[in-house]
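A.B. asks: Following this message is one structure expressed as structure tokens.
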Ligand SMILES: Cc1cc2nc3c(=O)[nH]c(=O)nc-3n(C[C@H](O)[C@H](O)[C@H](O)COP(=O)(O)O)c2cc1C
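Structure representation (structure tokens):
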């Protein structure tokens, strides 16, 4: 069976090389809005999304993430936009991580659908559990008590994406 959504799901690949040019506001809004339409447990819309295009804050995020990794490179691959996703602590809301992960998934697919590249970037949990991370969350105007779940690097892909690896055998089974 083929349709545009199924095609996009199979074609999306993680992008790790970006053009310097910033994406348009319309493209960014389309991606963020797709995130807000992700299914959430009880329909509570628990996650929070922060798109960062500010150079000073991006530099801070790059440094904080690289510190967690123990490197000095750019874990966001020089993407012009970094999208952070936060959620309630799992002790407060058991579906917090699942909800936020689905928001990230929706946004990756939407990015591909509008011609952007993206890649899920980790380590936001550690970054935003520090005093510096908490101060940044407060600067973003987020409620207290949230955790960082993940981020997307977002921008125009520089180069053609590689093909998907073959799917593992027996990835799914149908029990009738
Ligand atoms: C939970 C999660 C964490 C990830 N963290 C990173 C990361 O920190 N850096 C990175 O370059 N890619 C990261 N990725 C991207 C995966 O490496 C990528 O999805 C995988 O290699 C499959 O490639 P594809 O997305 O092109 O299908 C992450 C993906 C997921 C789902």
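Residue numbers (full-length UniProt numbering): 1 to 176.
Cβ coordinates follow ideal geometry from the N, Cα and C atoms, glycine included.
Are there any heavy atoms of ligand 1 lying less than 7 Å away from the beta-carbon of residue 74, as far as the coordinates show?
C.D. replies: Here the question's residue 74 lines up with position 74 in the chain shown. Flag unset: Cβ of residue 74 not near ligand 1.
A.B. asks: Out of 159, 11, 127, 27, which one is the CA nearest neighbour of residue 19?
C.D. replies: Along the chain shown, read from residue 1 onward, the residue named residue 19 stands at position 19. Among 159, 11, 127, 27, the Cα nearest to that of residue 19 belongs to 159.
A.B. asks: Can you tell which of 54, 39, 40 has its C-alpha closest to the C-alpha of residue 139?
C.D. replies: Residue mapping note: residue 139 aligns to position 139 of the chain shown, counting from 1. When only C-alpha atoms are compared, the closest one is 54.
A.B. asks: Leaving out the 5 sequence neighbours to the left and right, which residues in its chain are closer than 6 Å to residue 85 when beta-carbon positions are compared?
C.D. replies: Looking up residue 85 in the chain shown gives position 85. By the criterion of a C-beta distance shorter than 6 Å, residue 85 is surrounded in its chain by 47, 49, 100, 103, 104, 149, 150, once the five residues flanking it on both sides are discounted.
A.B. asks: Tell me whether residue 121 sits in a helix, a strand or coil according to DSSP, three-state version.
C.D. replies: As a position in the chain shown, residue 121 is number 121, starting the count at 1. Of the three classes helix, strand and coil, the one that applies to residue 121 here is strand, per DSSP.
A.B. asks: Tell me where the beta strand (DSSP E) around residue 130 begins and ends.
C.D. replies: Counting from one through the chain shown, the residue named residue 130 turns up at place 130. Per DSSP, residue 130 belongs to no beta strand (DSSP E) and is neither H nor E.
A.B. asks: Taking 7 Å as the cut-off, is the beta-carbon of residue 121 closer than that to any non-hydrogen atom of ligand 1?
C.D. replies: Taking the chain shown and counting its residues from 1, the one referred to as residue 121 is at position 121. Residue 121 Cβ: within cutoff of ligand 1.
A.B. asks: Measure the C-alpha to C-alpha separation of residue 77 and residue 88 and round it to an integer number of angstroms.
C.D. replies: Here residue 77 is taken as the residue at index 77 of the chain shown, counted from 1. Here residue 88 is taken as the residue at index 88 of the chain shown, counted from 1. Taking the straight line joining both Cα atoms gives about 27 Å.
A.B. asks: So, is residue 111 buried or exposed, given that buried needs 16 or more other C-beta atoms within 10 angstroms?
C.D. replies: Residue numbering aside, residue 111 sits at position 111 when the chain shown is read from its first letter. Residue 111 is buried by the Cβ-count criterion.
A.B. asks: For residue 162, count neighbouring C-beta atoms within 10 Å of its own C-beta (all shown protein chains included) and say buried if the count is 16 or more, exposed if not.
C.D. replies: Against the chain shown, residue 162 aligns to sequence position 162. Its Cβ having fewer than 16 others within 10 Å, residue 162 is exposed.
A.B. asks: At what residues does the beta strand (DSSP E) containing residue 84 begin and finish?
C.D. replies: Here residue 84 refers to the residue found at position 84 of the chain shown. Segment 81 to 88, the beta strand (DSSP E) holding residue 84.
A.B. asks: Using the three-state DSSP reduction, which class does residue 177 fall into: helix, strand or coil?
C.D. replies: Nothing about residue 177 can be reported from this structure: the residues present for the chain run from 1 to 176 only.
A.B. asks: Let me make sure I understand the geometry here. Which of 145, 117, 141 has the alpha-carbon closest to that of residue 130?
C.D. replies: The sequence position of residue 130 within the chain shown is 130, counting from 1. Checking every option, the nearest Cα to that of residue 130 belongs to 145.
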